[in-house]
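Quick note on numbering: the sequence shown equals residues 1 to 579 in UniProt numbering.
Where a beta carbon is used, it is the ideal one built from N, C-alpha and C, also for glycine.
Here the structure is a predicted model, which is why all the values come from computation and not from measurement.
Structure, as structure tokens:
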Amino acid sequence: MSVPFTVGKLIDFFSGNSSAFLGLSFPFAAGLLAVLFTIGATCNAGRAIIMRLCGLRIVARVRNQAYWATLRQEPDFADRSAGDIVSRLSVDTSMMGDSVTSNLSDGLRALVSATVGVSMMFWISAKLTFVMLCVVPPVSLFAVFYGRYVRKLTNFTQEAVGDMSRTAEEKLNAFKTVAAYNTQAVEAKLFANKVDAIFNLARKEAYMTGVFWGMSGFTGNLALLCLLGYGGTLVSRGEITVGDLTSLLMYSAYVGGSVSGLTGFFTGLMRGVGASSRVFWLLDRTSAIPLDKGVSLAPTRNGRIRFENVRFTYPSRKEVEVLKGVDLSIEPGTSVALVGSSGSGKSSIQQLLCRFYDPNEGRITFDGTGEAGWRWLLTMSDIRDLTPESWRDRLGVVFQDPILFAGTVHDNIAYGTPGASRRDVERAARAANCDFIWDLPQGFDTQIGKSSLSGGQRQRISIARALVRQPSILILDEATSALDSTSEKAVNKAVESIIKEQNITVIMAAHRLSTVASAEKVIVLENGVVSEQGPYDILVGSSRNADADPHKSRSQNSRFRSLMEAQLALEKSTVNLTA
Numbered sequence: 001m002s003v004p005f006t007v008g009k010l011i012d013f014f015s016g017n018s019s020a021f022l023g024l025s026f027p028f029a030a031g032l033l034a035v036l037f038t039i040g041a042t043c044n045a046g047r048a049i050i051m052r053l054c055g056l057r058i059v060a061r062v063r064n065q066a067y068w069a070t071l072r073q074e075p076d077f078a079d080r081s082a083g084d085i086v087s088r089l090s091v092d093t094s095m096m097g098d099s100v101t102s103n104l105s106d107g108l109r110a111l112v113s114a115t116v117g118v119s120m121m122f123w124i125s126a127k128l129t130f131v132m133l134c135v136v137p138p139v140s141l142f143a144v145f146y147g148r149y150v151r152k153l154t155n156f157t158q159e160a161v162g163d164m165s166r167t168a169e170e171k172l173n174a175f176k177t178v179a180a181y182n183t184q185a186v187e188a189k190l191f192a193n194k195v196d197a198i199f200n201l202a203r204k205e206a207y208m209t210g211v212f213w214g215m216s217g218f219t220g221n222l223a224l225l226c227l228l229g230y231g232g233t234l235v236s237r238g239e240i241t242v243g244d245l246t247s248l249l250m251y252s253a254y255v256g257g258s259v260s261g262l263t264g265f266f267t268g269l270m271r272g273v274g275a276s277s278r279v280f281w282l283l284d285r286t287s288a289i290p291l292d293k294g295v296s297l298a299p300t301r302n303g304r305i306r307f308e309n310v311r312f313t314y315p316s317r318k319e320v321e322v323l324k325g326v327d328l329s330i331e332p333g334t335s336v337a338l339v340g341s342s343g344s345g346k347s348s349i350q351q352l353l354c355r356f357y358d359p360n361e362g363r364i365t366f367d368g369t370g371e372a373g374w375r376w377l378l379t380m381s382d383i384r385d386l387t388p389e390s391w392r393d394r395l396g397v398v399f400q401d402p403i404l405f406a407g408t409v410h411d412n413i414a415y416g417t418p419g420a421s422r423r424d425v426e427r428a429a430r431a432a433n434c435d436f437i438w439d440l441p442q443g444f445d446t447q448i449g450k451s452s453l454s455g456g457q458r459q460r461i462s463i464a465r466a467l468v469r470q471p472s473i474l475i476l477d478e479a480t481s482a483l484d485s486t487s488e489k490a491v492n493k494a495v496e497s498i499i500k501e502q503n504i505t506v507i508m509a510a511h512r513l514s515t516v517a518s519a520e521k522v523i524v525l526e527n528g529v530v531s532e533q534g535p536y537d538i539l540v541g542s543s544r545n546a547d548a549d550p551h552k553s554r555s556q557n558s559r560f561r562s563l564m565e566a567q568l569a570l571e572k573s574t575v576n577l578t579a
């Protein structure tokens with residue numbers, strides 16, 4: 001800020017209007033200014049480095065906290081909002097970091113420059129300064145409205161970006177399906193619509209920005225013209241020197257740039273507020289199933305599971321009641337097959353057991369014991385009274401569509417069980433019939449990806465991942481659907497031996513007859529309720545007896561019989577088609 005004042009004094013010195021330069025000899029004054037400029041350049045570089053590092057640290061911390069907050073939400077939230085969450089973690093956090101660091105630094109610098117510049121102008125000539133300041137109020141008022149408008153547009157734009165990211169992620173994750181059904185053009189058009197929505201919002205901001213900066217430049221140039229005209233008059237009267245007028249003109253340029261910087265600062269701040277509101281919403285969101293609420297359940301190997309008048313609807317489909325008063329009991333150490341047509345509620349029961357959701361009505365109880373101090377509380381306790389983490393530590397879950405992560409085979413089997421040794425991993429792999437692992441190039445140290453293994457191999461690794469946890473409850477959601485008959489028999493035999501040796505409760509959602517027949521108890525679901533249950537042999541025998549005696553009521557067993565006959569016909573038709 002000393003440059004304009006120095007230039008004015010230099011002009012007066014060389015034009016003969018002053019006998020000394022700043023009251024000092026010219027060489028000494030020039031050296032002093034050189035030192036001052038060097039200090040200023042060093043401080044400016046330090047400011048840029050420090051604020052940049054602060055911004056990087058803030059972005060890193062916010063991203064970590066936001067990702068951790070996301071991981072602590074209920075699974076349904078991440079399933080519905082994965083693309084939007086990625087947008088918040090990447091784009092919004094960057095805008096937020098820039099707003100509170102680089103933008104804040106530039107804004108403070110502009111504020112100091114404007115304050116010092118106006119003060120120096122008042123010191124040189126108060127009359128000219130008042131002329132220039134007449135343009136500041138209207139520009140500042142317009143800047144406030146412009147900043148609010150940008151804040152609103154930024155919020156809408158980021159929501160649109162999140163929607164675009166969600167669409168792209170969904171379709172790219174199902175790229176093979178898109179390619180198989182030749183819907184590339186349809187998906188490209190759908191994505192283009194999302195991009196157009198972002199473009200239209202950005203276009204509105206562009207128009208508003210152009211109008212604002214055009215008006216700011218126009219008013220600034222008018223103020224400069226007035227300053228030159230009135231300043232020339234004062235020079236002719238001898239009230240100020242040519243050097244003073246030059247200093248005033250330079251200071252007005254500095255102040256004009258600072259006002260523009262303050263406007264940009266306010267605009268960037270509003271843009272950062274719009275982006276940070278989305279990040280803070282994620283940080284402040286309370287999970288529908290908090291991980292830190294409840295009583296911790298110590299490891300135990302037994303416990304009865306009971307569903308008591310459980311009613312449930314998915315949050316995304318509240319108009320459809322999936323479970324309509326389910327009552328069932330599962331004894332510890334038994335294998336249970338959930339049987340029913342698609343949409344009858346088999347997977348919903350398993351997801352409620354995993355506490356991915358909570359029932360709308362009724363409760364799910366577990367007859368177990370925890371820590372000694374809580375023994376009386378955990379007898380037939382609602383699983384909602386337990387912390388989700390301690391409850392899920394008791395579960396081994398195998399989904400119908402297994403997910404493997406980047407890493408080695410060992411890492412994938414030991415996922416979620418950090419204390420598992422190589423011997424534990426190999427034992428679980430043998431139990432899940434993963435003999436193919438020993439034939440891989442590096443065995444258990446082989447790096448795997450989504451395309452390097454067949455569907456059946458991925459499914460068996462997923463089963464081994466569940467078994468290595470040594471769970472009290474093993475949940476299989478059509479876990480053998482991707483296996484051939486030989487592998488299925490081997491896995492079923494392994495599961496049966498584990499049940500007998502380790503007293504594990506196994507709950508299977510199944511369609512295939514071999515899987516259903518291997519269960520000790522069959523629970524038939526129909527339209528969200530339990531229509532019948534009992535041992536497989538008794539249900540099949542009762543159905544046959546009902547066929548032999550036409551006068552005997554078959555209402556209780558007809559549903560299970562029809563399901564088994566339909567599945568048998570489906571398996572036979574599949575064999576015929578293959579042949």
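{"Query": "Based on Cα-Cα distance, which residue from ALA275, ALA288, GLY407 and SER421 lies nearest to THR157?", "Result": "ALA275"}
{"Query": "By Cβ distance, which residues of its chain are closer than 8 angstroms to PHE191, with the 5 residues on each side in sequence left out?", "Result": "MET164, THR167, ALA168 and LYS171"}
{"Query": "Suppose contacts are defined by Cβ-Cβ distances below 9 angstroms. Is ASP76 in contact with SER347 by that definition?", "Result": "no"}
{"Query": "Tell me which residues share the same chain as GLN556 and place their Cβ nearer than 7 angstroms to its Cβ, disregarding the 5 neighbours each side in the sequence.", "Result": "Confidence is the limiting factor: at GLN556 the pLDDT is only 46, short of 50, which leaves the residue's position unreliable, though a coordinate-based value still follows. GLU532, listed in sequence order."}
{"Query": "Given a cut-off of 9 angstroms, decide if TRP391 and ARG427 are closer than it, judged by their beta-carbon atoms.", "Result": "no"}
{"Query": "What residue from GLU308, GLU319 and GLY343 has the CA that sits closest to ASP327's CA?", "Result": "GLU308"}
{"Query": "State the CB to CB distance for the pair GLY107 and VAL255, rounded to an integer number of angstroms; the pair is presumed to be in contact (CB under 8 angstroms).", "Result": "Contact doesn't hold; Cβ gap of about 15 angstroms is too wide."}
{"Query": "When you compare the CB positions of ARG278 and ARG88, do they come within less than 9 angstroms of one another, or not?", "Result": "yes"}
{"Query": "Is MET132 near CYS226, with beta carbons less than 9 angstroms apart?", "Result": "yes"}
{"Query": "Note the first and the last residue of the continuous beta strand (DSSP E) segment covering GLU321.", "Result": "Segment: none, GLU321 is in no beta strand (DSSP E) and carries neither H nor E."}
{"Query": "What's the gap between the Cα of VAL540 and the Cα of ALA197?", "Result": "59 angstroms"}
{"Query": "Along the chain, where does the beta strand (DSSP E) that runs through THR365 open and close?", "Result": "361-367"}
{"Query": "Opposite ARG306 in the DSSP bridges: which residues?", "Result": "SER329 and THR365"}
{"Query": "Considering ALA337, what are the terminal residues of the beta strand (DSSP E) in which it resides?", "Result": "335-339"}
{"Query": "At what residue ranges does the segment 148-223 contain a whole run of the beta strand (DSSP E), taking only runs of 3 or more?", "Result": "none"}
{"Query": "Return the chain-ordered list of same chain residues with a C-beta closer than 7 angstroms to the C-beta of ARG72, the five sequence neighbours on each side being excluded.", "Result": "SER287 and LEU291"}
{"Query": "Output the distance between the C-alpha atoms of SER2 and GLY257, rounded to the nearest integer angstrom.", "Result": "16 angstroms"}
{"Query": "Assign ALA34 to one of three DSSP states: helix, strand, or coil.", "Result": "helix"}
{"Query": "Give me the Cα-Cα distance between ASP424 and ILE473, rounded to the nearest whole angstrom.", "Result": "18 angstroms"}
{"Query": "Could you tell me if LYS293 is buried or exposed, where buried requires 16 or more neighbouring beta carbons within 10 angstroms of its beta carbon?", "Result": "exposed"}
{"Query": "Could you have a look at THR115 and say whether DSSP puts it in helix, strand or coil?", "Result": "helix"}
{"Query": "Assess, as a yes-or-no matter, whether the segment 231-248 is touched by the segment 88-105 under the definition of 3 or more beta carbon pairs within less than 8 angstroms.", "Result": "no"}
{"Query": "In the structure shown, what three-state DSSP assignment does ASN545 receive?", "Result": "With a pLDDT of only 49 at ASN545, under 50, the local geometry of the prediction cannot be trusted, and no value is derived from it."}
{"Query": "Rounded to the nearest angstrom, what separates ASP435 and PHE444 at their Cα positions?", "Result": "11 angstroms"}
{"Query": "Pull the bridge partners of residue 629 from the DSSP assignment, please.", "Result": "Summary: the structure shown does not reach residue 629, with the chain confined to residues 1 through 579, and so no result is reported for it."}
{"Query": "From VAL112 to ASN173, what distance separates their C-alpha atoms?", "Result": "51 angstroms"}
{"Query": "Measure from the alpha carbon of LEU476 to the alpha carbon of each residue in THR515, ASP439, THR183 and ALA60, then state which is nearest.", "Result": "THR515"}
{"Query": "Output yes or no for whether 9 angstroms exceeds the beta carbon distance between GLY272 and MET51.", "Result": "no"}
{"Query": "Alpha carbon to alpha carbon, how far is LEU249 from ILE85?", "Result": "50 angstroms"}
{"Query": "Do ARG47 and GLY261 come within 9 angstroms of each other at the CB atom, strictly closer than that value?", "Result": "no"}
{"Query": "What is the rounded straight-line gap between the Cα of LEU513 and the Cα of ASP537?", "Result": "12 angstroms"}
{"Query": "Based on the DSSP output, what are the partners of VAL312 in its beta bridges?", "Result": "The sequence given here has Phe at residue 312, not Val. In DSSP, PHE312 forms a bridge with LEU323."}
{"Query": "In whole angstroms, what separates the C-alpha of THR446 from that of GLU321?", "Result": "45 angstroms"}
{"Query": "When the distance is taken between beta carbons, is ARG304 closer than 9 angstroms to LEU323?", "Result": "no"}
{"Query": "Report the partner residues of GLU526 according to the DSSP bridge assignment.", "Result": "VAL529"}
{"Query": "Whole-angstrom Cβ separation of GLU478 and GLN350, contact assumed at under 8 angstroms?", "Result": "Actually they do not touch by this definition, with Cβ atoms about 10 angstroms apart."}
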